[in-house]
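Right, one structure below, let's go through it.
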Amino acid sequence: MELDIWQGDWGLPSVDLTCLQVMAYTKFCGAPVKIKKTNWPLRHGHLPVFRHGKKNTFTTYDNIVSYLQRQNYNADEELTPKQCSDIIAYTALLRDKLYPALLYIWWVDNQNYCELTRPWYAKVLRFPLNYFLPGHQQRAAQNTIDNLWNSDLIEESQKETAIYKDAQECLNLLSHRLGDNEYFFGKNPCSLDAIVFGYLAPLLKAPFPTAALQNHLKACTNLSQFVQRILQKYFPLSPEEIEALKRKEQIEAEEKREFPHKWRDIILSGLFAAAVMSAYAASTMKVNYAREEDDYIQSDGQEYYDEGD
């Protein structure tokens, strides 16, 4: 069994929520899956891509999980029918209330898209995908958000407010449902844990410039601990990855500290240059005035002496 995924960052095994969901489920059910970080979704149009043999290829979470369950890799085998029904209900809730907010944060929010999403994908993608895929994804996300409302009279700010409100309420419901438990249905993780983990992990870990919903998630401490618990237990970083992550965080922290000083130096340099140029221009004009005045006096004097002759 093989699984092609988007690569990870910020301490995550992948930055893509569906890749994370599938990876978590394979860990929970014990499926022997070989992970391949490819960042090349050209053949199937997107990632993840799951393969088992030559005839079994799947690209959606539901299809991959259904196939694994038919192969007797079932993370939900100990759940009751009532709990299985709850998984269906919570999955629909997450899709309708939280997923639009994640699309908005990653692809529609202008600051997040320009400063985080587009640069990240442009960096990891190969030519020519790095030129057109981020823009294609951004337009698709915008269309999805626009289609949530039938009226064109709703302003973008109203859409953003409604999306964030629904997402925060969804996080509150999840937090209440999880409570003090390690996982949503007891001590062992199931498919719902995999689904929730995929939604929450990038929201918690990615360095969003616009971070209102991320801050709300961090305030739900049991959900934050839930994500950290799965990362530490099922996706522990190697010593080399830990060291690389520390170096990256140090560089980013230094850049943040230097950022205001850089702008201060740029502004001061610009002001100094403007002052020098102004002084030079003024001195040049003064010399010109003096030369014109000298010429005028000399001319008058010349005329006077000419008259005297």
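Anchor point for the sequence shown: position 19 equals 232 in this note's numbering, and the numbering is continuous, going up by one each time. Ideal Cβ placement from N, Cα and C applies to all residues, glycine included.
{"Item": "Determine, using beta-carbon pairs with one atom in the segment 340-356 and one in the segment 277-296, whether at least three such pairs fall under 8 Å.", "Value": "no"}
{"Item": "Mind checking which residues open and close the alpha helix (DSSP H) that includes residue 376?", "Value": "369-391"}
{"Item": "Pick out whichever of 391, 219, 435, 359 has its Cα sitting closest to the Cα of residue 313.", "Value": "359"}
{"Item": "Given a threshold of 16 other Cβ atoms within 10 Å of its Cβ, counted over all protein chains shown, does residue 451 qualify as buried or as exposed?", "Value": "exposed"}
{"Item": "Based on the DSSP secondary-structure assignment, which residues constitute the bridge partners of residue 264?", "Value": "215, 270"}
{"Item": "Since residue 329 and residue 422 are thought to touch, with beta carbons under 8 Å apart, how far apart are those beta carbons, to the nearest angstrom?", "Value": "6 Å"}
{"Item": "Please tell me whether residue 444 and residue 430 are closer than 7 Å, where the distance is taken between their beta carbons.", "Value": "no"}
{"Item": "What does the Cβ neighbour count give for residue 366, buried or exposed, with the cut at 16 atoms within 10 Å?", "Value": "exposed"}
{"Item": "Less than 7 Å between the beta carbons of residue 261 and residue 233, yes or no?", "Value": "no"}
{"Item": "By the three-class DSSP mapping on this structure, what secondary structure does residue 280 have?", "Value": "helix"}
{"Item": "I need the straight-line Cα distance from residue 294 to residue 323, nearest angstrom please.", "Value": "43 Å"}
{"Item": "At a Cβ threshold of 7 Å, is residue 431 touching chain B?", "Value": "No chain B appears in the structure shown, which is made up of a single protein chain."}
{"Item": "In its own chain, which residues sit with a C-beta less than 6 Å from the C-beta of residue 381, not counting the 5 before and 5 after it?", "Value": "429"}
{"Item": "Mapping DSSP to helix, strand and coil, what is residue 396?", "Value": "strand"}
{"Item": "State yes or no: is the C-beta of residue 281 nearer than 6 Å to some heavy atom of the ligand ATP?", "Value": "The model on display carries no ligand, and the ligand ATP is accordingly not part of it."}
{"Item": "With DSSP as the reference, please indicate the residues paired to residue 358 in a beta bridge.", "Value": "Answer by DSSP bridge pairing: none, since residue 358 is not bridged."}
{"Item": "Taking just the CA atoms, how far does residue 221 sit from residue 229?", "Value": "8 Å"}
{"Item": "Judging by CA-CA distance, which residue of 271, 218, 332 is the nearest neighbour of residue 250?", "Value": "218"}
{"Item": "Under the rule that 16 or more other beta-carbon atoms within 10 Å means buried, what is residue 370, buried or exposed?", "Value": "exposed"}
{"Item": "Look at the Cβ atom of residue 287, then the Cβ atom of residue 242, and state whether they are nearer than 7 Å.", "Value": "yes"}
{"Item": "How far does the beta strand (DSSP E) with residue 248 in it extend, from its first residue to its last?", "Value": "247-250"}
{"Item": "Straight-line CA distance for residue 297 to residue 351?", "Value": "34 Å"}
{"Item": "Rounded to whole angstroms, what is the Cα-Cα separation between residue 304 and residue 405?", "Value": "7 Å"}
{"Item": "Output yes or no for whether 7 Å exceeds the beta carbon distance between residue 264 and residue 272.", "Value": "no"}
{"Item": "What whole-angstrom Cβ distance do residue 391 and residue 439 have, given they're in contact under 8 Å?", "Value": "6 Å"}
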